Amino acid sequence: MHNLPMRYVRTSMERTNQQQLLAGLQELKAVHDRHQDVLNTYKDLETTLRELQGTLSSLQTHISVGGGVMMQAEVPDTSRVFVDVGLGFKVECSKEDGLRIAGLRQAAAQEQMNACAMEAAKIQTAFKG
């Protein structure tokens, strides 16, 4: 059995603990960024739906068909929209319901971002301590 100086053991343990805390912070940042992307997506949806609530009864737009390729599309009736509600499910609904869904998803994303920020603050406190 090796007799290591206590100072070496303590320094090694502190370094390992700091590495774990740093990895936790990086993971939280990635989760936070994913929730920020969701928030931005639903804010964009809300903006688009508010524009459609005006006098627009039809719409010409560009859509992505993959690989960075865009295609012009015409939507003849904007009274109903399809909203991605997660897990690959899309719901057909009125613009008003779409706005409600967008608001709920924004609130949920913001709540998750706040939880990430609180957890990051705890980790940073432990990191400094």
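At position 97 of the sequence shown the residue is numbered 92 (my numbering), and the sequence of numbers has no breaks.
Backbone N, C-alpha and C fix where the C-beta goes; we use that ideal spot for every residue, glycine too.
Source: prediction; values computed, not measured.
Closest to residue i by C-alpha separation, out of the options, would be which residue?
i	options	result
E87	H57, S74, G98	S74
L44	P71, M65, S89	S89
E46	Q67, R10, E91	E91
L99	I118, A116, V78, V64	V78
For the beta strand (DSSP E) that contains residue i, what are its first and last residues?
i	result
T56	54 to 61
Q67	64 to 70
S89	84 to 89
G49	Looking at the DSSP string, G49 is not in any beta strand (DSSP E), and its letter there is neither H nor E.
Measuring CB to CB, does residue i end up less than 8 Å from residue j?
i	j	result
K24	Q101	no
M108	L34	yes
L40	G93	yes
V80	I96	yes
R104	H30	The question names Arg, but residue 104 is Ala in the sequence shown. Taking 8 Å as the Cβ cut-off, A104 and H30 qualify as a contacting pair.
Q67	Q55	yes
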